[in-house]
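What follows is a single structure, written as structure tokens, with notes after it.
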Amino acid sequence: MSELIEPAARRIVALVPVLIGVSLLVFALTAIGLGDPARAMLGQRADPELVQQIRRDYALDRPVPARYATWMARLVRGDLGMSYHQQRPVAEVIAERLPATARLALAATAVAVVVGLGAGVTAALRPGRLLDHALMTAAVLGISTPVFWLGMMLSLLFAVWLDWLPVSGYGDGAWANLVLPALTLGAVHTGTIARMTRSSLLEVVRQEYMQTARAKGLAEWRVVAKHALRNALIPVVTVIGIGLADLLVGAPLTETVFAWPGLGRMLVAAVGQRDLPVVMGAVLVFAVIYVLANLLVDLAYLVIDPRIRRGR
Amino acid sequence: MAAEVVALPLKRGVATSGDRGRGRLVAGGVLVAAFALSSLLAPWLAPYDPAAVPAALAQGMLKPPHPAHAFGTDALGRDLLSRVLYGGRVSLALGLGVEMVAAAIGVIVGLLAGYHGGWRDSLLMRLTDVVMAFPSLILAIGLIAVFERPGLDKVALVLIALGWTTIARVVRGATLSLKERDYVQAARALGAGHATILLRHVLPNAMGPVIVAATIGVGGNMIAEAGLSFLGLGAQSPTISWGTMLADGQTFLTSAPWVAFFPGLALLLAVLGINLLGDSLRDLQDPRLKP
């Protein structure tokens, strides 16, 4: 176990400059020119007193580096500023919305991993056959379908016409409400995982140890399960990590289609209301989730593949 | 490398993936050609003026598909087929235009970083690390929020600002290995200048992966534009965009599903064609990366 600690620590330390960069970029969203940020937030005919208050709150009269320092000092304490539209702390607004997005993202990942792995393994067992073609065509379709359109079509079919599931809404956390959004958000991810599983398995099947396993007289399913899948999983874990980006990107669209009370829809609404502190907070939280998820993927490698622990 | 892989003892069936690759190349090519032609020829193909609102609005609005209006009409009685055709022009122009600028920036930055190394390279890598630490559409939404009011021009700017990083990294990687090749060393020994080496010896050999990345990037830009316009953060009326048409479509999803169906299907087919084309181009480059 101790051999895991050093490479794991190295990866965590490597995140520090990235996170500082992320904070700089988010800060730049408010700092880059474009006139007076206070007026941009409040509109041209804003109450002058309110404008003055925002200038003071955000230290807009001070040089940019000083403003960044002020902003960072607050950020470290978990203070993301005040929402202009809702008149309460941004951190509170985000904390309220985060569980719905997390629930949706986890459900979508579960769908994608189960269906994607299943389809990928099935396709790889009989490469070049009809089922392989059909599954891989479905995978490319999944990757190419715009999530918001897919969401509308699924909702039309299963909710409006067949009346099996609710059209939209959170339904106080009812499972039935989760099905369509999770399928929609997971579609791209499912396609990517299926393709990667297939190509990675086909690559592994060519290796000599597979011939050895067969020569030993093992049943084909045991060869696949014990020897091929374990080795093929390494690139698949990467794709699950990369796919998280698809999930987070799809969140605002899927949440808008299904009136899901998550972080994505909140971000879109905040842009419409010119509620810049909420926009910055949400963008920052999305980026941090993404960076941390990728860290988890990196750490998962260390556990799965002993070679990576020693290498590099 | 490729020959070695093919020579290994394989299970039956893998050899047929060549046919499959050709099938995908043809399917992708046909879809992309159909998309490009219908967009270019929209003024001649469209049966109606895409913005024309019929005089008798009450009778003309939200009509289901029938011979006079193959895709039906929208809430203002406008012909959806004509609007889908014109929407394709916007989608294609934006997807292609953004990618050309982004790829040009990416190529220049990648060449310089890979060739010179040192602080320029470190700066580039850290910058792309940071941009890539964001899920792209989320950062795009954040950037759009900075502007006073949304619009297609802002979408283009934002997508360029985010889009060059992938290609810069691809070109940097290729340049790093190419600059050590014997023929590049030979050119240098013969007294060729930096510009000659980069443009005549390095760039042409790095173009393959750039073309693949840019092809897939065009589809990504189109999806991003449609998504942003769908959210109300992109194209604004009267600009005809598949994304805004889809937003209208959602309003009338239960009563007039065709309003959302056709623009979405058009976007799906166009992006599918681009992805198939990009995939087959990548396979042609590196047979080991078959999906």
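Line by line, the protein sequences give chains A and B. Heads up: the first sequence runs through residues 0 to 311, numbered per numbering that gives the first Met the number 0. Heads up: the second sequence runs through residues 0 to 290, numbered per numbering that gives the first Met the number 0. Even glycine gets a Cβ: it sits at the ideal position worked out from N, Cα and C.
Quick test of the definition: if touching needs 3 or more C-beta pairs under 8 Å, does the stretch 55-72 of chain B touch the stretch 120-136 of chain B?
no
Can you find the residues in the same chain that come closer than 6 Å, C-beta to C-beta, to residue 106 of chain B, ignoring five residues on each side of it along the sequence?
170
Report the residue ranges of all alpha helix (DSSP H) runs contained in full by the stretch 215-288 of chain B; include only those spanning at least 4 residues, in chain order.
241-250 and 257-284
So, does the CB of residue 17 of chain A fall closer than 7 Å to a CB anywhere in chain B?
yes
Given a limit of 9 Å on CB to CB distance, which residues of the stretch 250-273 of chain A reach chain B?
250, 251, 252, 255, 256, 263, 266, 267, 269, 270, 271 and 273
Can you give the beta carbon distance from residue 79 of chain B to residue 148 of chain A, rounded, assuming they're within the 8 Å contact cut?
Contact doesn't hold; Cβ gap of about 15 Å is too wide.
Short CB-CB distance (under 7 Å) between residue 277 of chain B and chain A
no
Leaving out five residues on either side along the sequence, give the residues of the same chain with a beta carbon under 6 Å from the beta carbon of residue 12 of chain B.
Residue placement at residue 12 of chain B cannot be trusted, given a pLDDT of 39 that sits under 50; the coordinates are not used to answer.
Is residue 27 of chain B near residue 264 of chain B, with beta carbons less than 7 Å apart?
no
Note down, one range per segment and in chain order, each alpha helix (DSSP H) of at least 4 residues found wholly within the stretch 133-186 of chain B.
135-145 and 151-177
In the structure shown, what three-state DSSP assignment does residue 48 of chain B receive?
coil
Pick out whichever of B/183, B/130 and B/141 has its Cα sitting closest to the Cα of residue 153 of chain B.
B/141
Below 7 Å between beta carbons: does that hold for residue 196 of chain A and residue 114 of chain A?
no
Using three-state DSSP, classify residue 46 of chain A as helix, strand or coil.
coil
Could you check what DSSP says for residue 72 of chain B in three-state terms: helix, strand or coil?
strand
Could you tell me how far apart the beta carbons of residue 75 of chain B and residue 60 of chain B are, in whole angstroms, since I believe they sit closer than 8 Å?
6 Å
Residue ranges of each alpha helix (DSSP H) within the stretch 129-207 of chain A, 4 or longer
129-143, 146-153 and 174-204
If distances are taken between C-alpha atoms only, which option among B/175, B/115, B/102 and B/222 comes closest to residue 163 of chain B?
B/102
State yes or no: is the beta carbon of residue 70 of chain B nearer than 7 Å to at least one beta carbon in chain A?
no
Whole-Å CB distance - residue 261 of chain A paired with residue 87 of chain A, under 8 Å assumed:
Contact flag wrong, Cβ pair sits at about 18 Å.
To the nearest whole angstrom, what separates the beta carbons of residue 159 of chain B and residue 97 of chain B, a pair I think is in contact under 8 Å?
5 Å
Leaving aside the five residues before and after residue 3 of chain A along the sequence, list all residues of the same chain whose C-beta is less than 6 Å from its C-beta, in chain order.
301
So residue 81 of chain B is in the alpha helix (DSSP H); what residue range does that whole segment cover?
79-115
Would the beta-carbon of residue 38 of chain B fall within 7 Å of that of residue 87 of chain B?
yes
Reducing DSSP to helix, strand and coil, say where residue 32 of chain A ends up.
With a pLDDT of only 45 at residue 32 of chain A, under the threshold of 50, the placement of this residue in the model should not be trusted, and no figure is reported.
Between the beta-carbon of residue 261 of chain B and the beta-carbon of residue 83 of chain B, is there less than 7 Å?
yes
Jot down the residue ranges of each uninterrupted alpha helix (DSSP H) in the stretch 220-274 of chain A, minimum 4 residues, whole runs only, in chain order.
228-256 and 262-271
Leaving aside the five residues before and after residue 7 of chain A along the sequence, list all residues of the same chain whose C-beta is less than 7 Å from its C-beta, in chain order.
298 and 301
When the Cα of residue 90 of chain B is compared with those of B/109, B/223 and B/278, which residue comes out closest?
B/223
Name the DSSP bridge partner or partners of residue 81 of chain A?
A/88
With the cut-off set at 7 Å, would you say residue 252 of chain B and residue 152 of chain A are in Cβ contact?
no
Verify whether the separation of the beta carbon atoms of residue 164 of chain A and residue 175 of chain A is less than 7 Å.
yes
So, is the C-beta of residue 168 of chain A closer than 7 Å to a C-beta in chain B?
no
Straight-line gap, residue 276 of chain A to residue 273 of chain B (C-alpha atoms, nearest Å)
38 Å
Whole angstroms is fine: what's the gap from residue 266 of chain A's alpha carbon to residue 180 of chain B's?
49 Å
Would you verify that the beta carbon of residue 133 of chain B is, or is not, closer than 7 Å to some beta carbon of chain A?
yes
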